[in-house]
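In our numbering, the protein residues as written are 35 to 764. Built from N, CA and C at the ideal position, the CB exists for glycine as well.
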Amino acid sequence: MPAHSLPDPARSLVGLLPTSLSALAALAVNLRWSWDTPTRELFAHLDPAVWQATGDPLAVLRQAGDRRLATAAADPEFTARVAAAAADLDTYCTQPRWYDRLPPAPPRSIAYFSPEFGVTGALRQYSGGLGILAGDHLKTASDLGIPLIGVGLFYSRGYFTQTLDAGGWQCEDYPAPSAAELGLAPVCAAGKPVTVTVPLPGGREAVCAVWRVWIGRVPLLLLDSDTPGATAATRGITDRLYGGDAAHRLDQELVLGIGGVRAVSHHCAEWTTAEPEVYHSNEGHAAFLTLERVRQLCADGMAPQSARALVRATTVFTTHTPVPAGIDRFPREWVADAWRTAGGVPGLTAEELLGLGAEQDAALFNMAHLALRSCDRVNAVSVLHGRVSEEMFAPVLAEGVPEGRRVVAITNGVHLPTWAAPEVLAHAAPDAHAGPDALASAASAVGDTPDGGTAWHRFAALDDATLWALRGRLRERLVSHARRRLRDSWRIRGAMPAELAWTDAALDPDTLTIGFARRVPAYKRLTLMLHDQSRLAALLTDPQRPVQLIIAGKSHPHDDDGKRLIAELVQVTDRPDLRTRMVFLPDYDIDMARLLCAGCDVWLNTPLRPLEACGTSGMKAAANGGLNLSIRDGWWDECFDPGLGWAIPSRPDLTDAARDAAEAAALYDLLENSVIPLFYERVAGVPVQWLARVRHCLVQLGPRVAATRMLDEYLTRLYWPAALAGRTMR
């Protein structure tokens, strides 16, 4: 993949840039900038105000005036940095990496399908953990050199931006930038943009454009129904992420599964690269890909039975859902109607096809069951989630296999060059020199092989004063950002500037800081911390040992119960006696999450066990030395030890109300008796015992939470065996 392959939007930018800055266009359209600190610093330097407001290199280039560009072009130090970053991107994209050093015959290519991808806040194609994981999967594959192709949908209106009204009720807005504004390029054939046609219920067909954006070395293909040639009735299919009703969702999943397989073929033909040997469905939303693959193999001359066996052998399905209610289900007649439009699937009667999605309710077609019945390899995203999934899917897993199939547990990981603060990376690998500067090569040292343990063990020798200063800088940066977000939110809610002087003193960079940020479904219990408000207020406002809470999260636009939880919380944070110690920051996104996870001393998580499949936000905090205070669910259940944080006791034996009361009381007890005293117990101004835990956390969890470890497991336990199985069947 050429490092500087320029889509049309970037070519137009080149014409606006001085010659010595022309490489900025290539750096702006390859989303490696989202985790490459030297490249990010170039755009921040070029126009600090636009960068702070947007975090988007393309916006910086479009909005930088001629005078600013001319000044930068005349600065030899800046132009040298641009040249170095461009050379580093070229090296990154073209030189051999970890994957190229593996024993012979790993998979030639892998297609990774997901309904959402969280790569950067500038590309709002994600809503929560599933999308962030998918983005980290692509970034890590790029760092390792794994030949992955991402496949998703282009949501023209993306996921909503969140504001609050005067009463704290969530309000949604849907910005609608064009694909060109986002730097996406069309997939082409013979120099012309291609489209794919997808069958839909009611005899309809969706005509979709295919956009491509590079995530380092990895292409991400996004299907777009709002394109010339589409009918008015189908243009809006990919308008919003998780928007619309069930019929809309079915249309989206047909486009993702069927259209995605067809889009991959066009991409591979254009770039003359190998067709994927393995197809990976991240959740069941893309499970129709299995039926489309059978159809294509049969069209190429393979017998239907052989095609179905090959697809089963070479498909991987990752389940993220610990409860049946979280699985997409559609009326059987809708699914049958769509496949009639497609002409059916060779070798399958209509009833057999519908049987692949059969479940307890005979009227519904279950997408997770389709995925399970169409693949030989399924995995969960933590050890506990694996046990839950085997129990939940036991009847389907046992079909045709007397001893039953097992669910492989591959615990999620996080892309450390994205989520570990630059200062943390610099301490992890201070002697690396591979990149254009020490910081870039430090990120490389912890991010381009599955074994980053050596780098993280450096923290064992880091002295208390240096480690405490590091944590202080991260906390101070978070407080500064939170104050700015808080002021903006209050202005939007109707406050006058003269009323907002108090926000300058909101939060304190020297105070114990607890973070809680995630989506807001009921099971995550956003408001558990409010169970005893007088006790909470006493903790927050203690004059000797104060605590501050920074909270963020979005509710699904159609989830009024979740919105009520946010409003209830915001009304508490509005209290004059608490508002400088407890804040809710609207519009939680990747950029905010990076600061929150790095700057908080403690990461709080209070789900109803075992409904948190993994919960990677706590991993991101741990990668920065944040200690976890959590119910033992998801990843924390298997990684917990007392030196890494605290486990809130879970009481599943109690009724809902009693359980909330008991677990809230346990939370308060841990804060009062363990967390707060440890943070404020100082020796010469330094919390020595607290830092011992921070140091232990970095050494032990740094390599364990790495997405490189996760990708290595996917490769060795799923992708490679699937590819080998497929080769024996062709």
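Assumed close pair residue i, residue j - CB separation to whole angstroms, cut-off 8 angstroms
i: Leu-678; j: Leu-735; result: 6 angstroms
i: Leu-619; j: Arg-519; result: 5 angstroms
i: Phe-713; j: Asp-635; result: 7 angstroms
i: Val-448; j: Val-739; result: 6 angstroms
i: Ile-144; j: His-314; result: 6 angstroms
i: Thr-545; j: Pro-577; result: Wrong, their Cβ atoms sit about 12 angstroms apart, outside the cutoff.
i: Val-617; j: Ala-516; result: 6 angstroms
i: Gly-163; j: Leu-172; result: Gly-163 to Leu-172, Cβ: 15 angstroms. No contact.
i: Gly-378; j: Ala-384; result: 7 angstroms
i: Pro-211; j: Trp-754; result: Rounded, the Cβ-Cβ distance is 39 angstroms, inconsistent with contact.
i: Arg-66; j: Gly-335; result: Their Cβ separation, rounded to whole angstroms, is 40 angstroms, which puts Arg-66 and Gly-335 out of contact at 8 angstroms.
i: Ala-347; j: Ala-87; result: Not confirmed; about 49 angstroms, so no contact.
i: Ala-397; j: Arg-366; result: 6 angstroms
i: Gly-766; j: Glu-311; result: This structure does not reach residue 766, given that the chain is present from 35 up to 764, and the question cannot be answered.
i: Gly-263; j: Thr-307; result: 27 angstroms between Cβ atoms; not a contact.
i: Arg-609; j: Tyr-702; result: The Cβ separation is near 18 angstroms, so there is no contact.
Beta-carbon spacing of residue i, residue j below 8 angstroms
i: Ala-428; j: Gly-420; result: no
i: Val-417; j: Glu-672; result: yes
i: Leu-406; j: Val-412; result: yes
i: Val-241; j: Thr-261; result: yes
i: Pro-746; j: Pro-451; result: Position check: residue 746 holds Asp in this sequence, whereas Pro was assumed. Their beta carbons are not under 8 angstroms apart, which means Asp-746 does not touch Pro-451 by this criterion.
i: Ala-494; j: Arg-142; result: no
i: Val-84; j: Gly-217; result: no
i: Asp-243; j: Pro-227; result: Per the sequence shown, the amino acid found at residue 243 is Ala instead of Asp. The answer is yes: Cβ separation under 8 angstroms.
i: Ile-361; j: Gly-318; result: yes
i: Leu-61; j: Val-604; result: no
i: Ser-161; j: Tyr-208; result: no
i: Asp-595; j: Ala-556; result: yes
i: Asn-316; j: Phe-147; result: yes
i: Thr-8; j: Glu-533; result: Outside the shown range of the chain, which is 35 to 764, sits residue 8, and nothing can be said about it.
i: Leu-95; j: Leu-58; result: yes
i: Leu-255; j: Ala-321; result: no
i: Gln-204; j: Ile-600; result: yes
i: Leu-704; j: Trp-724; result: no
i: His-354; j: Ala-647; result: yes
Selected residue, minimal CA-CA separation from residue i, among the options
i: Pro-543; options: Met-563, Gly-506, Lys-558; result: Gly-506
i: Pro-326; options: Ala-627, Glu-317, Ser-299; result: The displayed chain sequence assigns Glu, not Pro, to residue 326. The residue with the shortest Cα to Cα distance from Glu-326 is Ser-299.
i: Leu-323; options: Ala-460, Ala-700, Val-295; result: Val-295
i: Gly-236; options: Leu-255, Met-336, Ala-372; result: Ala-372
i: Val-722; options: Pro-82, Glu-646, Asp-538, Thr-500; result: Thr-500
i: Ala-797; options: Gly-391, Thr-353, Glu-317, Gly-381; result: For the chain, the structure presents residues 35 to 764; residue 797 sits outside this window and is missing.
i: Met-530; options: Ala-200, Phe-151, Phe-194; result: Ala-200
i: Leu-178; options: Tyr-160, Pro-130, Pro-138, Tyr-189; result: Pro-130
i: Thr-195; options: Pro-591, Gly-652, Ser-212, Leu-599; result: Pro-591
i: Leu-80; options: Asp-90, His-491, Arg-102; result: Arg-102
i: Gly-165; options: Leu-275, Ala-759, Asp-497; result: Leu-275
i: Val-357; options: Ala-455, Leu-331, Ala-402, Ala-347; result: Ala-402
i: Thr-352; options: Met-763, Leu-758, Met-744; result: Met-744
i: Leu-541; options: Glu-510, Ala-489, Tyr-160; result: Glu-510
i: Ala-213; options: Gln-339, Trp-245, Thr-229; result: Trp-245
i: Leu-167; options: Asp-687, Ala-341, Arg-96, Asn-446; result: Asn-446
i: Leu-459; options: Pro-91, Leu-47, Ala-632, Ala-224; result: Ala-632
i: Arg-363; options: Gly-391, Gly-528, Phe-112; result: Gly-391
i: Glu-457; options: Leu-564, Glu-309, Pro-310, Asn-658; result: Asn-658
i: Val-720; options: Trp-502, Phe-674, Val-345, Ile-526; result: Trp-502
i: Pro-137; options: Asp-611, Arg-761, Leu-725, Thr-750; result: Thr-750
i: Val-435; options: Asp-410, Val-422, Met-426; result: Asp-410
i: Phe-674; options: Asp-703, Arg-727, Arg-559; result: Arg-727
i: Ser-68; options: Lys-558, Gly-89, Leu-570; result: Gly-89
i: Ser-56; options: Pro-72, Ala-106, Glu-75; result: Ala-106
i: Ala-718; options: Arg-374, Arg-238, Asp-498; result: Asp-498
Proximity test, Cβ basis, 8 angstroms: residue i and chain B
i: Pro-310; result: Of the protein chains in this structure there is only one, and it is not chain B.
Check: residue i C-beta below 7 angstroms from any heavy atom of the ligand GTP
i: Gly-587; result: Annotation note on the ligand GTP: not contained in the displayed structure, which lists no ligands.
(request) Could you tell me whether the region 290-302 touches the region 117-128, where touching means 3 or more Cβ pairs closer than 8 angstroms? (result) no
(message) If we require 3 or more residues per run, which beta strand (DSSP E) segments fall completely within the region 395-456?
(response) 398-400, 411-414
(request) Would you check if there are 3 or more beta carbon pairs closer than 8 angstroms linking the region 635-643 to the region 659-676? (result) yes
(request) Scan the region 573-636 and note each continuous beta strand (DSSP E) run of 3 residues or more that stays entirely inside, going in chain order. (result) 581-586, 616-619
(request) Please confirm if the region 686-695 is in contact with the region 708-724, defined as three or more CB-CB distances below 8 angstroms between the two stretches. (result) no
(message) Closer than 8 angstroms is the cut-off here; do at least three beta carbon pairs connect the region 154-165 with the region 622-630?
(response) yes
(message) Restricting to runs no shorter than 4 residues, where is the alpha helix (DSSP H) found entirely within the region 494-549?
(response) 498-526
(request) Ignoring anything shorter than 4 residues or poking outside the region 57-112, list the alpha helix (DSSP H) runs there in chain order. (result) 57-63, 71-80, 82-88, 91-97, 100-107
(message) Quick check for students: name the residue ranges of the alpha helix (DSSP H) that lie wholly in the region 674-714, counting only runs of 4 or more.
(response) 690-704, 710-714
(message) Suppose only complete runs of 3+ residues qualify. What are the beta strand (DSSP E) ranges in the region 126-182, listed by chain order?
(response) 144-147
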